[in-house]
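Sequence lines, in order, name chains A and B.
Using the working numbering, the first residue of the first sequence is number 1019, and each one after it goes up by one.
Using the working numbering, the first residue of the second sequence is number 100, and each one after it goes up by one.
Below is one structure, written out as structure tokens, with a few remarks after it.
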Amino acid sequence: MGTIFLIAILIFGFLIVFQIAKANEYVSVLKGEKKTFEQNNRINGFMMIAFLVLGLIGVYWCNELFKGKILGDAASDHGEKIDLMLYITLAITGVVFVITQVLLFWFAFKYQYSDKRKPYYYPHNNKLEVIWTVIPAIFLTVLVGFGLYYWFKITGAPPKDAMQIEITGKQFSWIGRYPGKDKIFGKKHFRNISDDNNNALGMLWDDKAGQDDIIVSGNDIYLVKGKPVHLIINSRDVVHDVGLAHFRMKMDAVPGTPTTMWFTPLYTTAEMKAKENNPDFEYELSCDQMCGSSHYTMKGVIHVVDQLEFDLWMAKQKSAYSQLQSGPQPGTPAKDSTTKTTAAVQEIKSSNN
Amino acid sequence: MSNESHIPGQHEVVTTHEVHHDEHHVHHHHETFITKYVFSQDHKMICKQFLITGIIWAILGALMSVLFRLQLGYPDARFPFLEDILGHWAKGGKIQDEFYYALVTMHGTVLVFFVLTGGLSGTFANFLIPLQLGARDMASPFLNMLSYWFFFLASVVMISSLFVSTGPASGGWTSYPPLSALGDASQGSKAGMDLWIVSMALFVVSSLLGGLNYISTILNLRTKGMSMTRMPLTIWALFFTAILGVLSFPVLLSGFILLLFDRHMVTSFYLSDIFIASTQTAMPYEGGSPILYQHLFWFLGHPEVYIIILPAMGLVSEVMSVNARKPIFGYMAMVGSLFAIAILAFLVWAHHMFVTGLNPFLGSVFVLLTLLIAVPSAIKVFNWLTTLWRGNIRFTPGMLFAIGFVSMFISGGLTGIWLGNSSMDIHLHDTYFVVAHFHIVMGVSAFFGMFAGIYHWYPKMYGRYLNNTMAYIHFWVTLIGAYLIFWPMHYEGLAGMPRRYLDYSSWASFHQFGGLNRFITIVATIVFATQLLFVFNFFYSIFKGRRVVTQNPWGATTLEWTTPIRPGHGNWVGEIPEVHRWAYDYGKDGRDFIPQTEPIGANEKLPH
């Protein structure tokens, strides 16, 4: 019913616009084409300047409205560099934006048709062309310089003491893996993957290095504040992307080709809750590469904690291998229900859904 | 202006001696409905075929965006009428996840390829190349006809994919494998994806047939005196566009063929190490790389955005000069910057792939080359501004859209500097910032260029004018609406809000934009309705518009305005006019304009 009503209004609106438009055409015939043209030209000329003024006010207003909603301070060292780049670029492009838009609409208004004006025959001026080739080139060189300086810092080798964590995307959740005490990840192969047999990553259990690996699913990853973290990113099926908006980091998860990123978290989750004055704050991990129908639900949570809290959490974790030995018993004593250590059980449940 | 004669109404004079040599002497070339309107070889009719097919596609593509905007603006609401239209794809009045992605995918594919490539280049290359160069028709009218019919066939296949039971392709317009390669990973990657690939392959064929024809026509069929440097900028732009298409579309096709092999012949070009959770099976593929597809795709994909924007630039340059009553400023710089953009277009594709694990050094090379494009783009903007400076501007609808184009191109171009710089791209990649950027700089801008062209050349196409009042409403609502829709999206992107999510309500980091998303949806719906007003104006005016009574209504210098008001097949009655000067002698020596056909006067200052 509402739909029909809407369509009726739409058609009615169309009819009115159409009638006015037709009437205007007849009026213009009566008034003479030249007069109508001049009148329309003045109206459009005025609209040009009105659009410019209201538009610039709108840009300012829009900024006031939303500047507080764009995530606040960067939560990683790389993020701070990226934010600085954003501000430098905003300053340069902002100035260019205002100047060029003002010139565009101002010229349109100022040089609108007049009987008296003779347009100025001005086909070219090589000096001007050189000036506005060179000046943008200089500014762009500056931007490229800054950009690449930071780019190489961000993509460069991680510090030696970085904590290694492997993160694997699958439709539609994340699996984390810590290398355990030996700090070496065990071997795995995709043909060994079996959600039914508690082997979501396809671990080769014969490899001793893998027997102490800790696998966390349930999308919760723990990091230590101030300690560089080196993520090794994998995908089990299609291309995903580890998107960490608060840390300003992002890297695709590509099946068959591991990728990496590293950064140093600067604030714990608790600190960010206070900083943002938002008790619901979480570092969210979003999948940023289209991966299928539930792409938009593929959320992970990064918990940044201090070293002590991390050690406590880690102490509660059992290696995936040891859980395999004991078997997935529903009654496995869950020491802390929120940490979801019984990875495999969760895994089966989610994949069967 | 020697040999034009006023011939009112439809007049079928066959003057293409070369083409219709035989029939011409035997009988009065009677064209049937089929040869005139359906399998026509007249470039003007083929232009209209491309244009009208493009308009139909644009309505469909835009309607899809309104549907998925409904979901984005009102993620919790239910719209029973959606179920009436879409059936099980909108069960209970809510668009299903899979279908949301199908809509997004189709919206992108349709607008990028079928509207802004086929519709834009197909229309104006066909219309303007012979008319502005002084040619009777394309170098090969038959191939030209085939080009349209391959386009039509591609359209039919793409439309049919909307009706298969598993739905149309839904992996995004880029169709990255493995998602697009594995039916088990996504419903849309079943039959819908095959149809998508077949349709795109047909589209590539159409594009190549058209492009080769445009290039050979421009190189070979220019009238006497029309040297390359006397060509209007529209032709230069269409020339570079055709070259870009001819060189890059085959790469895309090869990418698609390999994808087809991976889908059906268990080859492993793109696939490796895949375990599908829904079937609990490890796939047999080993050794391939999904990144290879991205390279092949973006080797076309990036030139593609210039294939879209260059014709718009050409149209705008022409319309702006005519209506400012001034020569375009820096003609050679304009040609040079088109050339530079065309070259650089091939050297920047990997800036879409900064976060794929690309070698950082390789990435840095692409940063440099990408930001280089800003230089020719800046030259163009400054030249347009100087063209307006001290002009005598008539705000015809075409001119309004040309000015709107420059505004949009500046806004969207500047954010390209943000995204092209890899360190910032890490944060902004695949967020709404990207959506805002490319919609403004190539979506809306290209549409503005197209509208400028349609309003400006409509009198030549149909011998009638579009209604001005509706045109003004169309322009102002579209300009304001486009900014209202896309400007705030930059903020969503700066917050890291990912693209291609259909519901943000469960995300603590992104749900704060719910109100904004609703606002954008409302504006998008209004802007869509306004486009329907344009479509109405377009079709109504074909039959009822004000008649064109003068041969050169805009007072333009170029050759198309020396043809009869309604030119027949062959364009000129009698001999093709000769050209003596460049296309931009407006306001020279105190004269309003001097047509290209007028010889240089004895006392005239030398041409540019």
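The beta-carbon is built from N, C-alpha and C at its ideal position, and this holds for glycine as well.
On a predicted model such as this, the values are computed, not experimentally measured, just so you know.
- Message: So, for I516 of chain B: in the same chain, excluding its five sequence neighbours on each side, which residues have a beta-carbon less than 7 Å away from its beta-carbon?
- Response: L470, A473
- Message: Run through chain A and tell me which residues come within less than 8 Å of F635 of chain B, C-beta to C-beta.
- Response: F1032, F1036
- Let me know the beta strand (DSSP E) ranges lying completely inside the stretch 345–394 of chain B, each 3 residues or longer, listed in chain order. none
- From B:Y392, B:D372, B:W606, B:M498, residue whose alpha carbon lies closest to that of S416 of chain B: B:M498
- Between the Cα of M205 of chain B and the Cα atoms of B:L232, B:I184, B:L169, B:A157, which residue gives the shortest distance? B:A157
- Alpha-carbon spacing of I1320 of chain A relative to D1270 of chain A, whole angstroms: 17 Å
- Taking 7 Å as the CB-CB limit, is I314 of chain B close to chain A? no
- Distance between W1223 of chain A and G1198 of chain A (C-alpha atoms, nearest Å): G1198 of chain A and W1223 of chain A: Cα-Cα distance of roughly 14 Å.
- Item | Interface partners of P597 of chain B on chain A, CB under 7 Å | G1261, S1304, D1306
- Could you spell out where the beta strand (DSSP E) holding Y1240 of chain A opens and where it closes? 1238–1242
- Boundaries (first-last residue) of the alpha helix (DSSP H) holding H526 of chain B: The continuous alpha helix (DSSP H) containing H526 of chain B extends over residues 521–527.
- Task: Name, please, each residue of chain A whose Cβ falls closer than 8 Å to the Cβ of E697 of chain B.
- Result: The premise fails here: E697 of chain B is roughly 16 Å from chain A at the closest Cβ pair, so nothing lies under 8 Å.
- Item | Burial state of M1103 of chain A, where buried means 16 or more other Cβ atoms lie within 10 Å | buried
- Task: Using a Cβ cut-off of 7 Å, pull out every chain B residue sitting near Y1044 of chain A, in sequence order please.
- Result: Neighbours of Y1044 of chain A on chain B: none; closest Cβ ~10 Å, over 7 Å.
- Thinking C-alpha only, which one of B:L487, B:E403, B:S436, B:S420 is nearest V447 of chain B? Residue nearest to V447 of chain B within the set B:L487, B:E403, B:S436, B:S420 is B:E403 (criterion: CA-CA distance).
- Where does M549 of chain B fall in DSSP's three states? helix
- Under 8 Å Cβ-Cβ, which residues of chain B neighbour W1411 of chain A? Residue 1411 of chain A falls outside the range modelled here, since chain A spans only 1019 to 1371, and no answer is possible.
- Item | Sequence-distant residues of the same chain with beta carbon closer than 8 Å to I641 of chain B, five excluded per side | Y561, R563, listed in sequence order.
- Message: Is N702 of chain B close to chain A? Criterion is C-beta to C-beta, closer than 7 Å.
- Response: no
- Task: Can you have a look at Y313 of chain B and say buried or exposed, based on whether 16 or more other CB atoms are within 10 angstroms of its CB?
- Result: Classification of Y313 of chain B: buried, given that the 10 Å Cβ count is 16 or more.
- Item | Coil, strand or helix - M325 of chain B by DSSP | coil
- 7 Å CB neighbourhood of Q1307 of chain A in its chain, flanking five on each side removed: V1257, H1258, D1259, D1270
- Answer with yes or no whether the minimum CB distance from F1208 of chain A to chain B is below 7 Å. yes
- Task: Round the Cβ separation of A381 of chain B and R1209 of chain A to the nearest angstrom and send it over; I've been treating them as touching at under 8 Å.
- Result: 5 Å
- Taking P459 of chain B as the query, report the chain A residues whose CB atoms sit under 9 Å from its CB, ordered along the chain. Ordered by position in chain A, the residues that pass the 9 Å Cβ test against P459 of chain B are W1169, F1170, I1172, T1173, G1174.
- chain A contact residues for P426 of chain B, given Cβ-Cβ distances below 8 Å: Y1139, Y1140, P1141
- A1292 of chain A burial status per 10 Å Cβ neighbour count (16 or more: buried): Around the beta-carbon of A1292 of chain A, fewer than 16 other beta-carbon atoms lie within 10 Å, marking it exposed.
- Could you spell out where the beta strand (DSSP E) holding Y1373 of chain A opens and where it closes? Nothing can be reported for residue 1373 of chain A: it is not among the residues displayed for chain A, which extend from 1019 to 1371.
- Whether M419 of chain B touches A501 of chain B by CB criterion (7 Å): yes
- Can you tell me where the beta strand (DSSP E) with I1320 of chain A in it begins and where it stops? 1317–1323
- Message: Let me see if you follow: with CB-CB separation under 7 Å, is S1378 of chain A close to chain B or not?
- Response: The displayed coordinates of chain A run from 1019 to 1371. Any statement about residue 1378 of chain A would go beyond what the structure contains.
- Could you name the residues that DSSP lists as bridge partners for T1111 of chain A? Beta-bridge pairing links T1111 of chain A to no other residue.
- Task: In the DSSP assignment, find the unbroken alpha helix (DSSP H) run with E1289 of chain A in it and report its ends.
- Result: 1287–1293
- Task: Find the nearest neighbour of F44 of chain B within the set B:G191, B:A594, B:V505, judged by alpha-carbon distance.
- Result: The structure shown has nothing for residue 44 of chain B, since chain B only spans 100 to 707.
- At least one CB of chain B closer than 7 Å to the CB of Y1129 of chain A: is that the case? yes
- When the distance is taken between beta carbons, is L583 of chain B closer than 7 Å to Q231 of chain B? No, they are not a contact pair.
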